[in-house]
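Trainee:
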DNA sequence: TGATTTTAATGACAAATGTCACCCGCAACT
DNA sequence: AGTTGCGGGTGACATTTGTCATTAAAATCA
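Protein chains in written order, with my numbering: chain A, 12 to 209; chain B, 12 to 209.
(1) So residue 30 of chain A contacts chain B; which residues on that side make the cut at Cβ distance below 8 Å?
(2) With DSSP as the reference, label residue 147 of chain A as helix, strand or coil.
(3) Counting only Cβ pairs nearer than 8 Å, list the residues of chain A close to residue 165 of chain B.
(4) To the nearest angstrom, how far is the alpha carbon of residue 38 of chain A from that of residue 57 of chain A?
(5) Could you tell me whether any Cβ in chain A is nearer than 8 Å to the Cβ of residue 114 of chain B?
(6) On the criterion of 16 or more Cβ atoms from any shown chain inside 10 Å, does residue 76 of chain B qualify as buried, or is it exposed?
(7) Where residue 22 of chain B and residue 121 of chain A are concerned, what is the direct C-alpha to C-alpha distance, given to the nearest angstrom?
(8) Considering residue 71 of chain B, what are the terminal residues of the beta strand (DSSP E) in which it resides?
(9) Identify the continuous alpha helix (DSSP H) that holds residue 125 of chain B and give its terminal residues.
(10) Do you know offhand how far residue 147 of chain B's Cα is from residue 183 of chain B's?
(11) Round the Cβ separation of residue 171 of chain A and residue 200 of chain A to the nearest angstrom and send it over; I've been treating them as touching at under 8 Å.
(12) Please find out if some non-hydrogen atom of the ligand ADP comes closer than 7 Å to the beta-carbon of residue 18 of chain B.
(13) Report the neighbours of residue 90 of chain B on chain A: residues whose CB is nearer than 9 Å to its CB, in chain order.
(14) For residue 40 of chain A versus residue 51 of chain A, is the C-beta spacing smaller than 8 Å?
(15) Just grab the DSSP bridge partners of residue 42 of chain B for me.
(16) Report the neighbours of residue 201 of chain A on chain B: residues whose CB is nearer than 7 Å to its CB, in chain order.
(17) Quick one: is residue 93 of chain B buried, meaning 16 or more other Cβ sit within 10 Å of its Cβ, or exposed?
(18) According to DSSP, simplified to helix, strand and coil, what is residue 107 of chain B?
(19) Hey, how far is the Cα of residue 61 of chain A from the Cα of residue 128 of chain A?
(20) Does the CB of residue 44 of chain B have a neighbour CB from chain A at under 8 Å?
(21) So, is the C-beta of residue 16 of chain A closer than 8 Å to a C-beta in chain B?
(22) What is the DSSP secondary structure of residue 91 of chain A, counted as helix, strand or coil?
(23) Name the chain B residues that come within less than 7 Å of residue 117 of chain A, Cβ to Cβ?
(24) Are there 16 or more other CB atoms within 10 angstroms of the CB of residue 118 of chain A, so buried, or fewer, so exposed?
(25) For residue 120 of chain B, go through chain A and note every residue whose CB falls closer than 9 Å to its CB, in chain order.
(26) Can you check which of these residues, A:49, A:67, A:69 and A:115, is closest to residue 81 of chain A by C-alpha distance?
(27) Look at residue 165 of chain A and residue 195 of chain B and say whether their C-beta atoms are less than 8 Å apart.
(28) Count the other CB atoms, across all protein chains shown, that sit within 10 Å of the CB of residue 59 of chain A; report buried if there are 16 or more and exposed otherwise.
(29) Is it the case that the Cβ atoms of residue 64 of chain A and residue 105 of chain A are separated by a distance below 8 Å?
(30) Let's see if you can read the secondary structure: which residues bound the alpha helix (DSSP H) around residue 185 of chain B?
(31) Excluding the 5 residues preceding and the 5 following residue 153 of chain B in the sequence, name in chain order all residues of the same chain whose CB lies nearer than 7 Å to its CB.
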């Protein structure tokens with residue numbers, strides 16, 4: 012089976028690649044970032060894309076979206092460090108077949124790959140619990156404002172960046188704080204980030 | 012050679028472990044977090060500890076400090092995702108022999124291990140550039156206050172946590188902000204974190 | 001079209017935050 | 001003893017931030 016492995020950290024990429032080659036009859040091609048993976052996807056067909064989410068250039072989710080749009084016959088499995096609930100939902104919307112934490116043992120990864128190839132959806136159990144329940148309550152503007160605030164920008168800078176009045180910016184932040192049951196903008200940013208909403 | 016591998020992400024740990032077993036005549040023992048590694052260190056001697064920095068429980072640097080204090084005959088190599096300058100310095104102070112990014116290829120890791128075993132110090136070149144230059148200007152109290160502030164705690168909560176008056180807590184933050192040329196506490200936390208001083 | 005949401009703004013007020021001058025206690029040096 | 005310097009701490013003040021009620025324009029829809 013023909014696998015494309017996209018992961019930016021070289022040490023992890025090569026380690027995973029050689030392990031997969033051994034464990035089963037996988038043929039693994041490596042890509043060091045999202046753009047490289049995209050180029051390879053355009054050049055030749057793969058049975059499966061195994062990708063990290065956080066990568067310079069294109070993210071794993073964007074790759075999945077490309078595959079979905081082009082209606083390629085390539086399954087997608089995402090592996091990532093953090094089980095942000097928001098990620099899982101966005102990934103599923105992009106037609107991803109599997110979503111695992113790097114916390115999971117390698118055998119589980121191999122199993123997941125086989126199940127996804129068989130047409131099933133596989134999501135790490137730790138994530139399922141997490142992804143159900145709440146969903147992102149933030150509006151787009153609120154999210155943008157919060158993102159800037161988390162970078163240490165002052166209210167006036169945020170207002171300038173978003174082309175809105177200072178009072179309005181404060182309103183957005185206030186809304187976000189209240190929606191997230193946070194104590195202040197920093198707390199709100201922390202919570203949103205932890206849920207994968209930033 | 013007898014290696015203890017401490018890394019919390021199971022997928023990466025097993026992948027690295029099996030790869031190292033293959034690549035050279037290494038005997039690898041795995042530890043899933045800092046405490047497990049510590050327990051193993053107490054039970055039996057190892058030639059080398061290969062450890063991540065960020066781990067639940069004890070960090071890789073704390074493990075290195077333990078080894079230094081107990082004067083164990085165990086070399087230490089740290090691998091980590093982020094090349095925060097502050098980490099490198101603290102690691103070196105803890106007697107760490109090697110410091111590599113997970114970005115580095117596996118061959119470099121094997122090389123580094125061999126060189127460290129031969130008594131040399133190895134630091135990834137990307138990190139060297141970074142670690143020179145500025146050094147941490149924060150006092151211990153300032154760092155603690157900033158860490159809490161970055162978690163969204165209010166001044167009064169920080170004061171309570173550190174057993175100091177509210178005004179004093181504000182002073183520490185103010186000092187930190189000024190030392191880091193930041194605009195506010197969030198900005199200061201961001202800068203400090205990026206430099207590895209948090 | 002008129003009715004109703006959305007989105008952006010304003011003003012006013014309380015609370016939190018940032019700044020700064022200043023005060024101790026204590027060690028070090030003369 | 002004097003004084004110098006320093007880390008740790010205060011208190012007062014100006015500014016920023018968070019909340020809320022209210023308004024105005026725009027977009028959406030029956």
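The beta-carbon is built from N, C-alpha and C at its ideal position, and this holds for glycine as well.
Mentor: Checking against the coordinates, here is how it stands:
(1) In the first chain, residue 30 of chain A corresponds to position 19, counting from 1. The answer, in chain order, is 25, 26, 29 and 30.
(2) As a working note, residue 147 of chain A is residue 136 in the first chain. The answer is coil: DSSP assigns residue 147 of chain A none of H, G, I, E or B.
(3) Indexing the second chain from 1 puts residue 165 of chain B at position 154. Result: 194 and 195.
(4) The sequence position of residue 38 of chain A within the first chain is 27, counting from 1. The sequence position of residue 57 of chain A within the first chain is 46, counting from 1. Cα to Cα, residue 38 of chain A sits roughly 10 Å from residue 57 of chain A.
(5) As a working mapping, residue 114 of chain B is identified with position 103 in the second chain. For residue 114 of chain B, the answer is yes, since a Cβ of chain A falls inside 8 Å of its Cβ.
(6) Position 65 of the second chain, counting from 1, holds the residue named residue 76 of chain B. Result: buried.
(7) Counting from one through the second chain, the residue named residue 22 of chain B turns up at place 11. Counting from one through the first chain, the residue named residue 121 of chain A turns up at place 110. Using only the alpha carbons, I get a separation of about 11 Å.
(8) As a first step, residue 71 of chain B must be located in the second chain, where it is residue number 60. Per DSSP, residue 71 of chain B belongs to no beta strand (DSSP E); it is in the alpha helix (DSSP H), 71-80.
(9) Position 114 of the second chain, counting from 1, holds the residue named residue 125 of chain B. From DSSP, the alpha helix (DSSP H) with residue 125 of chain B extends over 117-128.
(10) Numbered from 1 along the second chain, position 136 holds the residue referred to as residue 147 of chain B. Numbered from 1 along the second chain, position 172 holds the residue referred to as residue 183 of chain B. Near 15 Å, if we compare the C-alpha coordinates of residue 183 of chain B and residue 147 of chain B.
(11) The residue labelled residue 171 of chain A in the question sits at position 160 within the first chain. The residue labelled residue 200 of chain A in the question sits at position 189 within the first chain. The beta-carbon distance between residue 171 of chain A and residue 200 of chain A, rounded to whole angstroms, is 19 Å. This is too long to meet the 8 Å contact definition.
(12) The model depicted lacks the ligand ADP and carries no ligand whatsoever.
(13) Taking the first residue of the second chain as 1, we reach residue 90 of chain B at position 79. Residues of chain A passing the Cβ test: 22.
(14) Here residue 40 of chain A corresponds to residue number 29 of the first chain, with the count starting at 1. Here residue 51 of chain A corresponds to residue number 40 of the first chain, with the count starting at 1. Yes, Cβ-Cβ distance for residue 40 of chain A and residue 51 of chain A is below 8 Å.
(15) As a position in the second chain, residue 42 of chain B is number 31, starting the count at 1. The partner list for residue 42 of chain B (beta bridge, DSSP) reads B:17.
(16) Residue numbering aside, residue 201 of chain A sits at position 190 when the first chain is read from its first letter. Taking a Cβ-Cβ threshold of 7 Å, the residues of chain B close to residue 201 of chain A are 162 and 163, in chain order.
(17) On the second chain, position 82 is the one that residue 93 of chain B refers to. Result: exposed.
(18) Position 96 of the second chain, counted from the start, is the residue given in the question as residue 107 of chain B. Here residue 107 of chain B sits in coil by DSSP.
(19) Along the first chain, one-based indexing puts residue 61 of chain A at 50. Along the first chain, one-based indexing puts residue 128 of chain A at 117. Going from the Cα of residue 61 of chain A to the Cα of residue 128 of chain A covers about 12 Å.
(20) Sequence index remark: in the second chain, residue 44 of chain B carries index 33 (1-based). Residue 44 of chain B does not count as touching chain A.
(21) Here residue 16 of chain A refers to the residue found at position 5 when the first chain is read from its first residue. Not one chain B Cβ lies under 8 Å of residue 16 of chain A.
(22) For the purposes of this step, residue 91 of chain A is taken as residue 80 along the first chain, with counting starting at 1. Note: residue 91 of chain A maps to strand in three-state DSSP.
(23) Position 106 of the first chain, counting from 1, holds the residue named residue 117 of chain A. At a C-beta separation below 7 Å, residue 117 of chain A has these neighbours in chain B: 22, 25 and 26.
(24) Numbered from its first residue, the first chain carries residue 118 of chain A at position 107. Residue 118 of chain A is exposed by the Cβ-count criterion.
(25) Along the second chain, one-based indexing puts residue 120 of chain B at 109. The answer, in chain order, is 22.
(26) What you label residue 81 of chain A is simply residue 70 of the first chain in a count that begins at 1. For residue 81 of chain A, the nearest C-alpha among the options comes from A:49.
(27) One-based indexing of the first chain puts residue 165 of chain A at position 154. One-based indexing of the second chain puts residue 195 of chain B at position 184. Yes, these two residues count as a Cβ contact at 8 Å.
(28) Within the first chain, numbered from 1, the residue matching residue 59 of chain A stands at position 48. So residue 59 of chain A counts as buried.
(29) Counting from one through the first chain, the residue named residue 64 of chain A turns up at place 53. Counting from one through the first chain, the residue named residue 105 of chain A turns up at place 94. No, the pair does not count as a contact, with Cβ atoms beyond the cut-off.
(30) Locating residue 185 of chain B in the second chain gives position 174, where the first residue counts as 1. Boundaries of the alpha helix (DSSP H) harbouring residue 185 of chain B: 177-190, taken from the DSSP string.
(31) Locating residue 153 of chain B in the second chain gives position 142, where the first residue counts as 1. The answer, listed in chain order, is 183, 186 and 187.
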